[in-house]
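Below is one structure, written out as structure tokens; the observations come after it.
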Amino acid sequence: MSATDLSDLISRADVCAVAVAECFRGDGEILANPIGTIPMIGGRLARAAFEPDLLMTDGEAALIANDEAIPASEDRQFETYNPYRRMFDVVWSGRRHVMMGATQVDRYGNQNIAGLGGTADRPKVQLLGFRGAPGNTINNTTSYWVPAHGPRVFVEAVDVVTGIGYDRAAKLGPTARFHEIRRVVSNLGVFDFETPDHRMRVRSLHPGVTIEEVVTATGFELDIPDDIPVSRLPTPEELRLLTEVIDPTGTRNREVPDPN
Amino acid sequence: MTDETSETRPQPRDKRLTEDEVVAQLRPGMTIGIGGWGSRRKPMSLVRAILRSDLTDLHLVTFGGPEVGMLCAAGKVSHLTFAFVAPDVGAAAVLEPHFRAARQSGAISCTELDEGMLQLGLMAAAWRVPFLPTRVGLGSDLPLVNPELKTVRSPYPGPDGVQEQLYAQPALPLDAALVHLNVADERGNAAFTGPDMYFDDLMLEAAEHRFVSTERIVASGELAEAAGDVTRLRVSRMFVDGLVESPNGAHPTSCDPDYRRDEAFQKTYLGTAKDQALWDAFRSDWLSFPTEAEYQAALAARPAVEDAS
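As given, the protein sequences belong to chains A and B, one line each in that order. Per our numbering, the first sequence starts with residue 4, numbered consecutively. Per our numbering, the second sequence starts with residue 14, numbered consecutively.
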């Protein structure tokens, strides 16, 4: 098989899963807690491919060793019991890297999942609520997953700050010493905050995505390096893990369909 | 009495109640904690009893699921303390349309929290302290939606010598707690046999009036065997005032391992937020039975439907 043939077999969702996996590189023996379809697949890929000491949930009340994204209940290989209440112990210990969704995210990584428009007492559009976002962002490393990158998600200012970004953390001083927003992974590219004032930067674009496409789909000015890397492709072994072990039914390709 | 033992030994409290007897002990304006989490192991038979009662003006404290939407749509709720309301979470996350309608119309007022703060508030109430300190919430917009939230400065210097400013999550004392567990003994000790206790024991410990509904009641001394293991026995009768035997009482929410969520039923319920007439019909068809037994009989009489999953 030639290199060209291999890249033809690789979907946008595969690239997203690898980009998610890369978020957890170097994390060691902590709870990798990606929430969502591709995040869960990417987290499992990180552990199977290059970050073997990560711990991961079954999405319910246990940490399991399985490689499959969603193993059958009776096939779970239990590592430890982790009911909801236990999760706060882990979050507040800092031994966790969560990847959450974001209805809105801004240039400093402030996230909103609570509500849109209106007033604090009466949002125009009620969403989920604050859920665990304030506690996550002030206590453990956080990344975000956005399956449909657009200007209504990547906004100049979020309507409600549920997860706190770098500008809010900076104002808090030392009490925010555990705050880290590591990455934002979208269907178009990977973004980080590794700039002098922690403004969001383009870290890489997925193969076939242009910077113009991303700028149009982003409601604020991104930090754009002169040479923009291309998000890496899965290795042959990673592609085998994705297609044969972690997500054999291809749920990832339903969350992020291939362009055109 | 000829049995000498029964004459000399005092008899234990009898805590068995019906759903309606529990609700008769609730009052308008009460703060009521509802156990379970999302659409999991919710005390729905007690919620249905509230729905058919004339109770109003309730303040709910909950890790919210469909009970929030039902009680809001029925006009029973004036205030809600919550961190989220969702019929499901994770990859299958959906929002609760009846709750959203109540929130967006201003029909209810809310105290919004991070879900860890909700746990701390219940712990503080259970432990009878006015607040518990936490880093959670700092820097977020929680103070905008929760203006009562105050900070406290640590009396102790941190590693860098600075006395940290933290949030003081106030205690959330409950007038009553309603929870549903898999199995209980006749004195009110209770056990979960599913994956997660959620916060049910904390809800009971934070409440003045404490009610447990359960799938089944076994004789005293048989609970550990029924639950499988002593570590499952997480609710002590010292925190329980009333006990209701309510098989399938969490329907339509899940009560693992006894039964899973009734997805079709929940979907039908969620769909009724589109149109007042749909909700009125649903309430009339399903939430207006005079007793829980009649509700369960109507459920059992439904024609079999193919499992969509």
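Using N, Cα and C, we set each Cβ at its ideal position, and we do this for glycine too.
**Item:** At least 3 beta-carbon pairs within less than 8 Å: the segment 244-253 of chain A vs the segment 222-231 of chain B
**Value:** Output reads no: the segment 222-231 of chain B does not touch the segment 244-253 of chain A.
**Request:** Can you tell me the Cβ-Cβ gap for F133 (chain A) and E20 (chain B), rounded? I've got them flagged as a contact below 8 Å.
**Result:** Wrong, their Cβ atoms sit about 58 Å apart, outside the cutoff.
**Message:** I need the DSSP call for H111 (chain B), collapsed to helix, strand or coil.
**Reply:** The DSSP-derived three-state label of H111 (chain B) is helix.
**Item:** Proximal chain A residues relative to E128 (chain B), where beta-carbon distance stays under 7 Å
**Value:** For E128 (chain B), the chain A residues whose C-beta falls within less than 7 Å of its own C-beta are R134 and G135, listed in chain order.
**Beta-bridge partners of E125 (chain B), as assigned by DSSP** = Beta-bridge partners of E125 (chain B) (DSSP): B:F95.
**Item:** Residue span of the beta strand (DSSP E) that contains I184 (chain A), given as start and end
**Value:** In the DSSP assignment, I184 (chain A) falls within the unbroken beta strand (DSSP E) covering E183 to S189.
**Request:** Please state if the CB of P56 (chain B) and the CB of H264 (chain B) are separated by a distance shorter than 8 Å.
**Result:** Going by beta carbons, H264 (chain B) and P56 (chain B) fall outside the 8 Å limit.
**Item:** Residue from B:S66, B:L133, B:A115 and B:Q279 with nearest C-alpha to K127 (chain A)
**Value:** Residue B:A115 holds the alpha-carbon nearest to the alpha-carbon of K127 (chain A) among B:S66, B:L133, B:A115 and B:Q279.
**Request:** Give, in chain order, every residue of the segment 211-238 of chain B whose Cβ lies closer than 9 Å to some Cβ of chain A.
**Result:** Within the segment 211-238 of chain B, the qualifying residues are Y211, F212 and L215.
**Item:** Proximal residues of chain B, C-beta to C-beta of D124 (chain A) below 9 Å
**Value:** By Cβ distance, chain B contributes G119, S122, C123 and V158.
**Prompt:** How would you list, in chain order, the residues of chain B whose beta-carbon sits under 9 Å from the beta-carbon of P86 (chain A)?
**Reply:** Correct list: P208, D209, M210 and Y211.
**Prompt:** Closest to A189 (chain B) by CA distance: which of B:S167, B:R40, B:R26 and B:V81 is it?
**Reply:** The residue with the shortest Cα to Cα distance from A189 (chain B) is B:R40.
**Request:** Buried or exposed for A321 (chain B), please, with buried defined as at least 16 other CB atoms from any protein chain shown within 10 angstroms of its CB.
**Result:** Low confidence applies here, because A321 (chain B) scores a pLDDT of 48, under 50, leaving its location unreliable; read the following figure in that light. When all chains shown are included, A321 (chain B) counts as exposed.
**Where Q182 (chain B) sits in the DSSP three-state scheme** = Q182 (chain B) falls in the strand class under three-state DSSP.
**Request:** Could you work out which residue in A:R206, A:R185 and A:R98 is closest to D229 (chain A) when comparing CA atoms only?
**Result:** Of the listed residues, the one whose Cα sits closest to D229 (chain A) is A:R206.
**Prompt:** So, is the C-beta of V149 (chain B) closer than 8 Å to a C-beta in chain A?
**Reply:** True, the Cβ-Cβ gap to chain A drops below 8 Å.
**Request:** Compare the beta carbon distance of T75 (chain B) and I47 (chain B) with 8 Å and say whether it is the shorter of the two.
**Result:** It is a contact, given that the beta carbons lie within the stated cut-off.
**Asked** In this structure, does DSSP put K163 (chain B) in helix, strand or coil?
**Response** Note: K163 (chain B) maps to strand in three-state DSSP.
**Asked** Relative to the alpha-carbon of H285 (chain A), which residue among A:V188, A:S189 and A:K174 has its alpha-carbon at the smallest distance?
**Response** Because chain A is modelled from 4 through 263, residue 285 (chain A) falls outside the range shown and cannot be assessed.
**Request:** Please determine, among A:F53, A:R88 and A:M43, the residue with the shortest C-alpha to C-alpha distance to I67 (chain A).
**Result:** Comparing Cα positions, the closest option is A:M43.
**Message:** Can you pull out the residues from the segment 135-149 of chain A whose beta carbon lies closer than 8 Å to at least one beta carbon of chain B?
**Reply:** Only G135, A136, P137, G138, T140, I141 and N142 from the segment 135-149 of chain A bring a Cβ to less than 8 Å from some Cβ of chain B.
**Message:** For T83 (chain A), which residues in the same chain have their Cβ closer than 6 Å to its Cβ, ignoring the five residues on either side in sequence?
**Reply:** Hits under 6 Å: L66.
**Prompt:** So with Cβ pairs under 8 Å, would you call E161 (chain B) a contact of chain A?
**Reply:** Answer no: the Cβ-Cβ gap between E161 (chain B) and chain A never drops below 8 Å.
**Item:** A172 (chain A) - containing alpha helix (DSSP H), residue span
**Value:** In the DSSP assignment, A172 (chain A) falls within the unbroken alpha helix (DSSP H) covering Y169 to L175.
**Message:** Give me the subset of the segment 85-97 of chain B whose CB atoms are less than 7 Å from a CB atom of chain A, sorted by chain position.
**Reply:** Within the segment 85-97 of chain B, the residues whose Cβ lies closer than 7 Å to any Cβ of chain A are, in chain order, F95, A96 and F97.
**Asked** CA-CA distance, L162 (chain B) and L145 (chain B)?
**Response** If you take the alpha carbons of L162 (chain B) and L145 (chain B), they lie about 12 Å apart.
**Request:** With DSSP collapsed to three states, give me the class of E32 (chain B).
**Result:** It is helical.
**Item:** Cβ-based burial, W299 (chain B) [other Cβ within 10 Å; buried from 16]
**Value:** Classified as buried, W299 (chain B) has 16 or more neighbouring CB atoms from the shown chains inside 10 Å of its CB.
**Item:** Under 8 Å by beta carbon: chain B residues contacting L66 (chain A)
**Value:** Simply none; closest approach about 13 Å.
**Asked** Nearest chain A C-beta to L108 (chain B) closer than 8 Å, yes or no?
**Response** Yes, because at least one Cβ of chain A sits closer than 8 Å to the Cβ of L108 (chain B).
**Request:** Using beta-carbon positions only, say whether V108 (chain A) and V156 (chain A) come within less than 8 Å of one another.
**Result:** Yes; because the gap between Cβ atoms is below 8 Å, this pair is in contact.
**Asked** Is the beta carbon of L236 (chain B) less than 8 Å from the beta carbon of D198 (chain B)?
**Response** Yes, the Cβ-Cβ distance between L236 (chain B) and D198 (chain B) is below 8 Å.
**Message:** Going residue by residue through the segment 127-161 of chain A, where are the continuous alpha helix (DSSP H) segments of at least 4 residues, counting only ones entirely within it?
**Reply:** You should have 136-142.
**Contacting residues, own chain, Cβ-Cβ under 8 Å from D78 (chain A) (five flanking each side not counted)** = Taken in chain order, the residues that qualify are N69 and E71.
**Message:** Which residues in chain B have a C-beta closer than 7 Å to the C-beta of P260 (chain A)? List them in chain order.
**Reply:** Taking the beta carbon of P260 (chain A) as reference, no residue of chain B falls within 7 Å; the closest one sits roughly 16 Å away.
**Asked** On the premise that G150 (chain B) lies in contact with P137 (chain A), defined as a C-beta separation below 8 Å, what is that separation, rounded to the nearest angstrom?
**Response** Right, their Cβ atoms sit about 5 Å apart.
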